[in-house]
Structures are given as C-alpha cells and as structure tokens.
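Each remark here refers to the structure printed beneath this line.
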Amino acid sequence: TQLLEQSPQFLSIQEGENLTVYCNSSSVFSSLQWYRQEPGEGPVLLVTVVTGGEVKKLKRLTFQFGDARKDSSLHITAAQPGDTGLYLCAGASGGSYIPTFGRGTSLIVHP
Amino acid sequence: NAGVTQTPKFRILKIGQSMTLQCTQDMNHNYMYWYRQDPGMGLKLIYYSVGAGITDKGEVPNGYNVSRSTTEDFPLRLLSAAPSQTSVYFCASILSDSAFRALHFGNGTRLTVT
Numbered sequence: 091t092q093l094l095e096q097s098p099q100f101l102s103i104q105e106g107e108n109l110t111v112y113c114n115s116s117s118v119f120s121s122l123q124w125y126r127q128e129p130g131e132g133p134v135l136l137v138t139v140v141t142g143g144e145v146k147k148l149k150r151l152t153f154q155f156g157d158a159r160k161d162s163s164l165h166i167t168a169a170q171p172g173d174t175g176l177y178l179c180a181g182a183s184g185g186s187y188i189p190t191f192g193r194g195t196s197l198i199v200h201p
Numbered sequence: 003n004a005g006v007t008q009t010p011k012f013r014i015l016k017i018g019q020s021m022t023l024q025c026t027q028d029m030n031h032n033y034m035y036w037y038r039q040d041p042g043m044g045l046k047l048i049y050y051s052v053g054a055g056i057t058d059k060g061e062v063p064n065g066y067n068v069s070r071s072t073t074e075d076f077p078l079r080l081l082s083a084a085p086s087q088t089s090v091y092f093c094a095s096i097l098s099d100s101a102f103r104a105l106h107f108g109n110g111t112r113l114t115v116t
C-alpha cells in the first residue's frame, strides 16, 4: 500500500500570513493532485502535477512536485479567510485510476 | 449537468439496521468509487468500479456491498450497521481517458449509527 504523509495536520493562521503544506511518500507517483474541501461538500481539484520538479501557480497558490516524484508542496501567499478548508493530496502510479489520499491538512485563516 | 448526486444527505441508523446509499452521475464516467472520511483520516476507499458489471474491493470493504448495473448508478449497501460505520461517505467518478483528470465528488452522506 502506498502511503502519503501530509503535514501539518492542522494550521490556524491570521489573514495575510504565508503557509506551506507538505505531502511526502517513499513511493514514486506518476501524478499527484491537490484537492480542497469545504465543510459539507466533496473535495474539488486544485491542480495536477505530473513532471518531476514541476511548479504550477494558481493565483496565490504555488504547487511543486519533487524531482523524484515522491513529494509535493502547496504554498499559499498572503492567506485569506476564503482559503479556509481541508487540503488533500492524492497520488497515482503508472496507469492506475485508484489514487491514494493523504490524511489532509485542515487550514483556518482568521480575519 | 448535475455531476455526482448522492442521497440521502444525512441518516441515523440503529445498530444492526441495513441501508443503501445512492450515487448517480450523469457524465458518462466509467470509473466510480465509494470513500469514507473520518476526522483526521483522509479518504479511505471502500469499493470501486471500472464499468457496468465490474466491481472490486478497496482498502476498507468489510461490512459493505456494492453493485454496478448501469454506468450511471453505483449504490453502496450497509449490511448490518455498526457504530464503526459512523462516517461521511463520498461517491466519486472519473473518465479514464487520461491519467490527469480530476475525481468528481458528490457532496457526501453523513451517517450516524447509534
């Protein structure tokens, strides 16, 4: 079983602060996705990274895939209350459509 | 499009009762999944299906059953409810034409077993 370790599990910060969430594994993934989940809803895809060393930006969010494709990070610049939610990473190997999910990082941004 | 629709949104069961969680998608996706989500534990795969008539176990299948008679529907059955099955259940789907597509999730069913 492939495992994805996410850290930290909880983050409580003030509006305007920066933060980084990490997703690590001992396994190699062919693709890694980040989802955000708001209370009472299902997760929604933020980004997919597929190339080792790849960096993708989505407004104030920056996603990085490690060179060895075993880890990823999500950096949020100048966090806003609207960023509050549960952030989940999910990895898939080879041609699999059965992703493995991390335990999630619960983020609260206080105004 | 409605996407992935789950019913009911909430349910309370007594120990030993059975029930079916409904999931339907209108995107003609071939893969469908059932996950359970417990606080701090992420998403655990219960069962999945790669197409009509084909199902397979995930990580935590005990106490559950599924069927996939059509592309659209993927119901999850709880055979005899136990307190350990108190959780939020999510159905998801994907079209397997690309490894990089997003899973589409429903909004979940919150189940309490007392």
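Quick mapping for you: the protein sequence lines, in order, are chains A and B. Okay, so the first sequence: first residue is 91 according to the numbering used here, each after it adds one. Okay, so the second sequence: first residue is 3 according to the numbering used here, each after it adds one. Don't be surprised by glycine CBs; every beta carbon is placed ideally from N, CA and C.
Compare the C-beta of A/GLN123 against all C-beta atoms of chain D and say whether one is closer than 8 Å.
Note that chain D does not occur in the displayed structure, where the protein chains are A and B.
Cβ shell of B/ALA54 (< 7 Å), same chain only, five flanking positions each side left out:
Within the second sequence, the letter at position 52 stands for residue 54 of chain B. The answer, listed in chain order, is ARG70, SER71, THR72 and THR73.
Where the beta strand (DSSP E) through A/GLY106 begins and ends
Here the question's residue 106 of chain A lines up with position 16 in the first sequence. Counting along the chain, A/GLY106 sits inside no beta strand (DSSP E), nor does DSSP assign it H or E at all.
Does the segment 101 to 115 of chain B come close enough to the segment 122 to 138 of chain A to have 3 or more Cβ pairs within less than 8 Å?
yes
Taking any Cβ of chain B, which residues in the segment 180 to 191 of chain A have a Cβ under 9 Å from it, in chain order?
ALA180, ALA182, GLY184, GLY185, SER186, TYR187, ILE188, PRO189, THR190 and PHE191
In the DSSP assignment, what residue or residues form a beta bridge with A/GLY218?
There is no way to answer for residue 218 of chain A, as the model of chain A reaches only from 91 to 201.
Rounded straight-line distance, which links the Cα of A/LEU176 to that of A/ARG150
In the first sequence, counting from the first residue as 1, residue 150 of chain A sits at position 60. In the first sequence, counting from the first residue as 1, residue 176 of chain A sits at position 86. Distance between the alpha carbons of A/ARG150 and A/LEU176: 17 Å.
Please classify A/GLN235: does DSSP put it in a helix, a strand, or coil?
As shown, chain A starts at 91 and ends at 201. That puts residue 235 of chain A outside it, with no answer to give.
Locate the beta strand (DSSP E) running through A/GLU95, then write down its first and last residues.
For the purposes of this step, residue 95 of chain A is taken as the residue at position 5 of the first sequence. Run containing A/GLU95: 95 to 97, per the beta strand (DSSP E) assignment.
Proximity winner among A/VAL139, A/GLN96, A/LEU122 and A/SER116, relative to A/THR110 (alpha-carbon distances)
By one-based count along the first sequence, residue 110 of chain A stands at place 20. The residue with the shortest Cα to Cα distance from A/THR110 is A/GLN96.
Could you tell me which residues DSSP puts in a beta bridge with A/VAL139?
Along the first sequence, read from residue 1 onward, the residue named residue 139 of chain A stands at position 49. Looking at the DSSP assignment, A/VAL139 forms a beta bridge with A/LEU122.
Please report the straight-line C-alpha distance between A/SER196 and A/TYR112, rounded to a whole angstrom.
The residue you call residue 196 of chain A lines up with position 106 of the first sequence. The residue you call residue 112 of chain A lines up with position 22 of the first sequence. Their Cα atoms are separated by approximately 12 Å.
Got a sec: which bits of the segment 131 to 150 of chain A sit with their beta carbon under 8 Å from any beta carbon on chain B, in order along the chain?
GLU131, GLY132, PRO133, VAL134, LEU135, THR138 and VAL140
Candidates B/VAL68, B/PRO63 and B/SER95: closest to B/MET34 by CA position
Looking up residue 34 of chain B in the second sequence gives position 32. Taking only the C-alpha atoms, the option nearest B/MET34 is B/SER95.
Neighbour list for B/LEU47 in chain A, Cβ cutoff strictly below 9 Å
For the purposes of this step, residue 47 of chain B is taken as residue 45 along the second sequence, with counting starting at 1. Within 9 Å Cβ-Cβ: ILE188, PRO189, THR190 and PHE191.
I want to verify the contact list: residues of chain A whose CB lies under 9 Å from the CB of B/SER51, in sequence order.
For this step, residue 51 of chain B is matched to residue 49 along the second sequence. Under the 9 Å cutoff, chain A gives no residues; its nearest Cβ is about 11 Å from B/SER51.
Can you find the residues in the same chain that come closer than 6 Å, C-beta to C-beta, to A/ASP157, ignoring five residues on each side of it along the sequence?
Here residue 157 of chain A is taken as the residue at index 67 of the first sequence, counted from 1. So the qualifying residues of the chain are GLY142 and GLY143.
Find the nearest neighbour of B/THR22 within the set B/MET29, B/GLN8, B/TYR50 and B/HIS31, judged by alpha-carbon distance.
Taking the first residue of the second sequence as position 1, residue 22 of chain B is located at position 20. Checking every option, the nearest Cα to that of B/THR22 belongs to B/GLN8.
Any C-beta of chain A within less than 9 Å: which residues of the segment 92 to 107 of chain B qualify?
PHE92, CYS93, ALA94, ILE96, SER98, ALA101, PHE102, ARG103, ALA104, LEU105, HIS106 and PHE107
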